[in-house]
Every structure is written in C-alpha cells, then in structure tokens.
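Report on one structure; see the data block that follows.
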Amino acid sequence: MEFCPKCGSVFIEKRKNFGCVRCGYAAKNKVKIEATEKLQEKQEVGVIRDKDTDVFPITNAVCPKCGHREAYFWTAQTRAGDEAETRFFKCTKCKHTWREYR
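Taking my numbering, the leading residue of the sequence shown gets 6, the next gets one more, and so forth.
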C-alpha cells in the first residue's frame with residue numbers, strides 16, 4: 006500500500022496510473038497496492054443450563070406445591086414506590102415459583 010508524499014492519503018487507481026484522492030497528486034511509476042485480511046476461527050458458544058442460573062440466596066419457606074422447606078428468594082418493586090416490595094420464591098426441589106406481598 007502506498008501513501009501520498011504530500012498529504013499522506015492512500016493512493017487509489019485512476020484510469021492508467023495511481024493518484025491521491027485528497028490532493029490530486031499522481032504517481033509517475035507503478036504502485037503496488039495489496040490488501041490482506043486475517044480471519045480467526047469462531048469460538049464456541051457456551052450453553053447455560055437451568056441449574057447454572059440459580060444464584061439466588063436460599064431461605065426457609067414452605068413450597069405450596071410440594072411442601073419442600075427450602076426456596077430461592079429475591080425481591081422486586083412491583084407496585085408504587087411508597088408500598089412494600091414483593092418477595093418472590095422458587096422451590097429448590099420442584100422449581101415452583103410463587104410470590105408474597107407484605
């Protein structure tokens with residue numbers, strides 16, 4: 006790849022010779038223009054399983070579906086800002102999800 010000695014822009018091919026697009030400089034001799042590109046192999050995409058996504062803390066709560074006494078829990082503001090948060094639970098055994106309002 007060759008560059009213009011006046012302005013530093015890249016030469017392009019004009020009709021029979023090569024020249025600068027920016028300032029109009031024309032090269033008197035042949036210019037070698039070569040372009041290459043290196044490709045990298047794609048990396049494998051990891052698969053996330055349901056077991057890997059349960060990163061919530063565990064608390065003592067009775068599941069209404071199976072009666073198990075441990076559940077993951079998290080909170081979210083589902084109503085107006087002046088009202089209490091809603092607590093969500095997910096059974097560690099059967100994965101049943103329920104909520105509790107305060």
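C-beta atoms are modelled at their ideal positions from N, C-alpha and C, and glycine is treated no differently.
- Message: So, for residue 26: in the same chain, excluding its five sequence neighbours on each side, which residues have a beta-carbon less than 7 Å away from its beta-carbon?
- Response: 14 and 17
- Task: Indicate the three-state DSSP secondary structure (helix, strand or coil) for residue 24 in the structure shown.
- Result: strand
- Which word fits residue 9, buried or exposed, when buried means at least 16 other C-beta atoms lie within 10 angstroms of its C-beta? buried
- Message: Which residue wins for smallest C-alpha separation from residue 103, given the options 88, 86, 87 and 72?
- Response: 72
- Item | Option nearest residue 85 by Cα separation, candidates 106, 98 and 75 | 106
- Are there 16 or more other CB atoms within 10 angstroms of the CB of residue 66, so buried, or fewer, so exposed? buried
- Message: So the candidates are 48, 31, 63 and 7; which of them puts its Cα closest to the Cα of residue 40?
- Response: 7
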